[in-house]
Amino acid sequence: MFDAFLFQILPYIAAVVCVLGVTYRFVRGPIGVSSLSSQFLEGETIRWGSGPWHLGIIALLVGHILPLLAPRFWSTLLQIPGFLPAVEGIGLALGFLAAGGLFVLIFRRFGNARIRAVTSRMDTLVLFLLLGQVILGLSVALGMRWGAAWAPGVLAPYILSLATLQPDISTLANLGWVMHAHIIGAWVLLGLIPFSRLIHLLSIPVAFPTRPHQKVVWANPRSSRGSRSL
Amino acid sequence: MDVRAQTSMVFHLDKCIGCHTCSVACKNIWTDRPGAEYMWWNNVETKPGTGFPSNWEDQVNFKGGWVRDGKGKLRLRGQGKIGALLKLFYNPNQPGLDDYYEPWTYTYRDLFDAPEGDDQPTAVPVSLVTGKQMEIKAGPNWDDDLSGSPIYAENDPNLEGLTEEERQALFAVEGMAMMYVPRICNHCVNPACVASCPSGALYKRGEDGIVLVNQEKCRGWRSCVPACPYKKVYYNWKTGKSEKCILCFPRVETGQAPACFHSCVGRIRFTGVLLYDADRIEAAMSVDDDELVDSQLSVILDPNDPEVQATARMKGMPEEMIRAAQRSPVYSFVKEWGLALPLHPEFRTLPMLFYVPPLLPVVGRMNDGVYDHEPHDVFNAFDEARIPLDYLATLFAAGNRRPVEAALKKLLAVRYHRRAETLGGLDPEKIQAILDEAGLDRETADSIYRLSMISDPSERFVMPPSNREEFIEAEQDVAECKGSCGFGKNEAPRRGW
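As they're listed, the protein sequences go chains A and B.
Following the numbering used here from start to finish, the first sequence increments by one per residue and tops out at 275.
Following the numbering used here from start to finish, the second sequence increments by one per residue and tops out at 516.
If you want it as structure tokens, here you go:
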């Protein structure tokens, strides 16, 4: 019964809350749709925290999503000799990179008076949830060998069943509490996006690489007659 | 030709007394808010000095402005498109709070609430960031009037081009010299801050050229802060957004002068319209350092040229704007007279504030116990100047002495001419020779004198109101809109609960 809630109902709650909350924030207060950078207040330690954390976690997220979205393509990749140890090794290294960065960020956030002054309770909660999630992920990688091989077969059907509104948790039965906690953590974090600084996942500047250097805005549309867009 | 109008300003540095009234007026109106306490959209620097933030001119460190690449095309010094994305997480070139100063207040309440005791109660400084007691190590204008200081003045990056002798002369005891440079956002025509913004939040207004940050679109990636070579975009640590000088647009739009201009005690500021050719921006900024000043001037168009006027009308520029451009004091100083020069044109952002280089301090030396400040030949004065010409050239002409020398010659000639007019006793032929050498006739010299010294506010501030009601009324009731617009939002961004 409780399992049904955590694995069958919680994902939907998280997804709905995330979509509605994010929409609300974009409509009501786009001014808040970003993280609160604190590099200005402390610029030394962050060098060793923010970069490793973000690079590690972005690569890991891609590595999590790819096998779940394209499990067949993934299994053909796995047949290449040496692919499995390589991808596991890289994943583990990225995990340690992200965890190391996160530790630095946590020590910085609570060890520096200026940073503490701009820390909200939600920041603290998110920070420790992420830490827990990364530690659980590392335990899975180390303790349940070759996750890259078994996880798509177990998790891809689960995700697919959620997506088709016929939630089926039979494949999750024998995974053990570490993996279960890791899955629940993912849903909780998803649901927290609109309520925390995680909202900055949606402020990625995708248009930037193709934007021209200069941007001119005319209050009066008449004035732009015959002008280039510059 | 794409004719555009630009709100522009000239600072007559001979008249600046470094009183900071402009800074205070600006602070009281715009940056007296949490997170913005440390910002000085307008500040006045003592030169030689390291300025605000400390050493802002050092682009090796901050990587602001543009550089030419191998093919002669402009690119941002700090970032390419890919590098910019990597710098979202940590930007090694971003100045931190300590490059400015930690804002503070005092515990005034302790003066009333302290328990009775043997000592006087004191108000100790507390940080406006952490609320904790702090030791004040730097503050606004910390190096004010500190020419000769080994901490500040001697680290001025502009001193690099000077010889050892010139440096020693500049900082010699009893011979020390300094000048003031008031700075606001340059509202550049080729702004590096706009080009660097990942979110597309920064933009230049088409009608009047004011550069602004859209607070709704700003995502706090901070690229603009290092990208601006003048360090005139500031990061608000409380809202997580960048902010900058808005040239008091709510005032300018309604025909009032910006607060810094309005409050200027020395009446050193002149505000007006410049017309420029937007098609030539990149080409004009891709020339050698030596040619940058001339190249920048060539972008500025003559508002009395019928072809320029016709093109401007074709683009929909209001008649008032064209008329204002014809009466522009900035055009007179910058283009007609060649007296005002851009600050650090080598940053290649096409800055639109101009500075009349200071003639003062006068050259004065002790010769055999007699104090002598009359150079034997008028224009030799520049070679003996206490502030070396090369120093001014580094500030205002990318190291090119010629435009600075030409401007100073004219200023000096006007001074001699007016002295002859009002005091007499000077040889008219000699005065004529001085004017000739400076390339001035008597009428122009008188015009320069008139506008610089005895002009009234309507001559110093020539900007038409923007008539925004004309294009607001198409969509909205003007009366409803009236009074409802202003600077951004009063609501703080909410990021979490």
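Glycine included, each C-beta is placed from N, C-alpha and C at the ideal position.
Between residue i and residue j, how many whole angstroms is the CB-CB distance? I'm expecting something under 8 Å.
i, j, result
"A264 (chain A)", "E226 (chain B)", "6 Å"
"E76 (chain B)", "P176 (chain B)", "5 Å"
"G228 (chain B)", "T26 (chain B)", "6 Å"
"C63 (chain A)", "I229 (chain A)", "C63 (chain A) to I229 (chain A), Cβ: 15 Å. No contact."
"L130 (chain B)", "V375 (chain B)", "Going by Cβ atoms, the distance from L130 (chain B) to V375 (chain B) rounds to 46 Å, so no, they are not a contact pair."
"G236 (chain A)", "I58 (chain A)", "7 Å"
"W356 (chain B)", "I467 (chain B)", "6 Å"
"G259 (chain B)", "G418 (chain B)", "With a Cβ gap of about 39 Å, G259 (chain B) and G418 (chain B) do not count as contacting."
"L147 (chain B)", "T124 (chain B)", "6 Å"
"T90 (chain A)", "R153 (chain A)", "4 Å"
Mind checking which residues open and close the alpha helix (DSSP H) that includes residue i?
i, result
"N80 (chain B)", "78-81"
"Y119 (chain B)", "116-119"
"V61 (chain A)", "55-73"
"S95 (chain A)", "91-114"
"S477 (chain B)", "476-479"
"M304 (chain B)", "Looking at the DSSP string, M304 (chain B) is not in any alpha helix (DSSP H), and its letter there is neither H nor E."
"C243 (chain B)", "243-246"
"C279 (chain B)", "278-282"
"P159 (chain B)", "From DSSP, P159 (chain B) is part of no alpha helix (DSSP H); its letter is neither H nor E."
"F268 (chain B)", "268-271"
"G99 (chain B)", "Premise fails: G99 (chain B) is in no alpha helix (DSSP H) and is neither H nor E."
"I228 (chain A)", "222-237"
"T413 (chain B)", "408-415"
"P197 (chain A)", "192-208"
"L130 (chain B)", "129-132"
Taking the Cβ atom as the reference point for each residue, do residue i and residue j lie within a distance shorter than 9 Å?
i, j, result
"L181 (chain A)", "F52 (chain A)", "no"
"A143 (chain A)", "G101 (chain A)", "yes"
"R242 (chain A)", "S95 (chain A)", "no"
"R514 (chain B)", "I249 (chain A)", "no"
"V327 (chain B)", "L369 (chain B)", "no"
"N110 (chain B)", "P245 (chain B)", "yes"
"C41 (chain B)", "C279 (chain B)", "yes"
"A157 (chain B)", "D132 (chain B)", "no"
"V481 (chain B)", "T290 (chain B)", "yes"
"C498 (chain B)", "A457 (chain B)", "Residue 498 (chain B) is actually Ala in this sequence, not Cys. No, Cβ-Cβ distance for A498 (chain B) and A457 (chain B) is not below 9 Å."
"P140 (chain B)", "I155 (chain B)", "no"
"R438 (chain B)", "L445 (chain B)", "yes"
"F155 (chain A)", "G115 (chain B)", "no"
"T69 (chain B)", "N160 (chain B)", "no"
"C204 (chain B)", "K263 (chain B)", "yes"
"E301 (chain B)", "K92 (chain B)", "yes"
"H281 (chain B)", "R270 (chain B)", "yes"
"K100 (chain B)", "P130 (chain A)", "no"
"L470 (chain B)", "S305 (chain B)", "no"
"L234 (chain A)", "Q178 (chain A)", "yes"
"D163 (chain B)", "H39 (chain B)", "yes"
"I160 (chain A)", "S215 (chain A)", "no"
"P201 (chain B)", "R288 (chain B)", "yes"
"L137 (chain A)", "L175 (chain A)", "no"
Tell me, which residues are paired with residue i by DSSP?
i, result
"R94 (chain B)", "B:V86"
"S146 (chain B)", "B:W123"
"V262 (chain A)", "B:R224"
"Q152 (chain B)", "B:V145"
"V22 (chain B)", "B:D296"
Along the beta strand (DSSP E) that carries residue i, what are the first and last residues, could you check?
i, result
"E262 (chain B)", "260-263"
"F289 (chain B)", "288-296"
"W123 (chain B)", "123-125"
"Y253 (chain B)", "252-255"
Can residue i be considered in contact with the ligand ZN, in the sense that its beta carbon sits closer than 8 Å to one or more heavy atoms?
i, result
"M198 (chain B)", "This structure simply doesn't include the ligand ZN, nor any ligand for that matter."
Alpha helix (DSSP H) runs wholly inside the stretch 189-240 of chain B, at least 4 long, in chain order: 211-215
Within the stretch 24-70 of chain B, ranges of the beta strand (DSSP E) (whole runs, at least 3 residues): 62-66
Length-filtered (4 minimum) alpha helix (DSSP H) runs lying within the stretch 121-188 of chain A: 128-156, 158-162, 166-188
Secondary structure, alpha helix (DSSP H): runs of 4+ residues fully inside the stretch 315-397 of chain B: 325-333, 338-345
Within the stretch 424-463 of chain B, ranges of the alpha helix (DSSP H) (whole runs, at least 4 residues): 447-457
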